[in-house]
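Chemist:
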Amino acid sequence: MKTIKTLLLLLIISLFSCDSNDDEVTPDPVDPSTTLDGFTYNENNANPTFYETSNAYIEIDEDNDDAYPLAPDYYSFFFLNGRLLDNDTDINGTSDEVLLSVNTTQFVVLSVQVATHPSLQTGIPPTAGNTYVASSNDSNVVTDLQVDSSSPQTFINIDGTNVEFGEGNEANSTIYNPATLGHSVTINAINIDNTNPANSTIDVDYTFVNTSGELISGHYEGTLGVFED
Numbered sequence: 379m380k381t382i383k384t385l386l387l388l389l390i391i392s393l394f395s396c397d398s399n400d401d402e403v404t405p406d407p408v409d410p411s412t413t414l415d416g417f418t419y420n421e422n423n424a425n426p427t428f429y430e431t432s433n434a435y436i437e438i439d440e441d442n443d444d445a446y447p448l449a450p451d452y453y454s455f456f457f458l459n460g461r462l463l464d465n466d467t468d469i470n471g472t473s474d475e476v477l478l479s480v481n482t483t484q485f486v487v488l489s490v491q492v493a494t495h496p497s498l499q500t501g502i503p504p505t506a507g508n509t510y511v512a513s514s515n516d517s518n519v520v521t522d523l524q525v526d527s528s529s530p531q532t533f534i535n536i537d538g539t540n541v542e543f544g545e546g547n548e549a550n551s552t553i554y555n556p557a558t559l560g561h562s563v564t565i566n567a568i569n570i571d572n573t574n575p576a577n578s579t580i581d582v583d584y585t586f587v588n589t590s591g592e593l594i595s596g597h598y599e600g601t602l603g604v605f606e607d
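Under this note's numbering, the first residue of the sequence shown carries the number 379, and numbering increases by one thereafter.
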């Protein structure tokens, strides 16, 4: 593992490839039978459709490909209704950067590049009360996602359950590619529990604009997984 010479080091040591998600959504305080955990696709900016997401992850990339050696290159925020697995070792011949549980059908990734955020360039990680502009590189939204099994199949034990992972099938999914501008991540609260990672949580709002100019806005409040690339 490469070294990050900041307070982020403690986070990495404690939560390296840690999946603390619980597959649960947070009930809406106004109507507990519903949830705000998910994103709304506003077709033609007039016809909203809500997609639930029950889990969130932060990927910390520290390849040191930019001009800020004391900080990661970027932070990627993932929101989905399944599980995510770092795939640095190309498990079972797969090649995607991350694998997804085969039950995943909704997926969001927003990449926050350190190079465009002076507040992140000294190594201080994203913090509560701040909004970060997400890059049009490596950011997208997918609905009706199809995840194909690997060959041989890939099963990972998570909390006592064998979860099957595979790779997303772009040809059989609905992918919204990013416009040049309009993507953001607002962190309302974040708690990284180094003693008990299962208690780590995040409260976040985000926006995404696709190439048709349609707004996708989302919210997530709940458990959190963190991994290093």
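We put the CB at the ideal spot given by N, CA and C, even for glycine.
(1) In or out: residue 408 buried (at least 16 other Cβ within 10 Å) or exposed?
(2) Between which two residues does the beta strand (DSSP E) carrying residue 408 extend?
(3) From the DSSP secondary-structure annotation, give me the bridge partner or partners of residue 578.
(4) Exposed or buried, residue 496, counting other C-beta atoms within 10 Å across all chains shown (16 or more means buried)?
(5) With distance defined between alpha-carbon atoms, name the residue in 431, 536, 548, 471 nearest to residue 529.
(6) Would you decide whether residue 505 is buried or exposed? Buried here means 16 or more other CB atoms lie within 10 Å of its CB.
(7) Report all residues from its chain with a CB closer than 6 Å to the CB of residue 383; omit the five preceding and five following residues, and keep chain order.
(8) Would you say the segment 531-539 touches the segment 552-560, given that touching needs at least three Cβ pairs under 8 Å?
(9) Among all the DSSP beta bridges, which residues are the ones paired with residue 463?
(10) Answer yes or no: does any C-beta atom of chain D fall closer than 7 Å to that of residue 526?
(11) Could you give the distance in angstroms between the alpha-carbon of residue 480 and the alpha-carbon of residue 600?
(12) Whose C-alpha, out of 494, 421, 424, is nearest the C-alpha of residue 451?
Modeler: Reading from the atomic positions:
(1) As a working mapping, residue 408 is identified with position 30 in the sequence shown. Result: exposed.
(2) Here residue 408 refers to the residue found at position 30 when the sequence shown is read from its first residue. Element bounds for residue 408: n/a, residue is neither H nor E.
(3) Position 200 of the sequence shown holds residue 578. Answer by DSSP bridge pairing: none, since residue 578 is not bridged.
(4) Here residue 496 corresponds to residue number 118 of the sequence shown, with the count starting at 1. By the 10 Å Cβ count, residue 496 comes out exposed.
(5) What you label residue 529 is simply residue 151 of the sequence shown in a count that begins at 1. Of the listed residues, the one whose Cα sits closest to residue 529 is 471.
(6) In the sequence shown, residue 505 corresponds to position 127, counting from 1. Exposed is the call here.
(7) The sequence position of residue 383 within the sequence shown is 5, counting from 1. Note that residue 383 has pLDDT 38, beneath the 50 cutoff, so the model's placement of it is unreliable and the number below is only indicative. Only 448 meet the Cβ criterion.
(8) no
(9) To locate residue 463, count along the sequence shown from 1; it is residue 85. According to DSSP, which records beta bridges pairwise, residue 463 is partnered with 477.
(10) Of the chains in the structure shown, none is chain D; there is only one protein chain.
(11) Reading the sequence shown from its first residue, position 102 is the one you call residue 480. Reading the sequence shown from its first residue, position 222 is the one you call residue 600. Each residue's alpha carbon lies about 22 Å from the other.
(12) Walking along the sequence shown from the start, residue 451 turns up at place 73. Closest by alpha carbon: 494.
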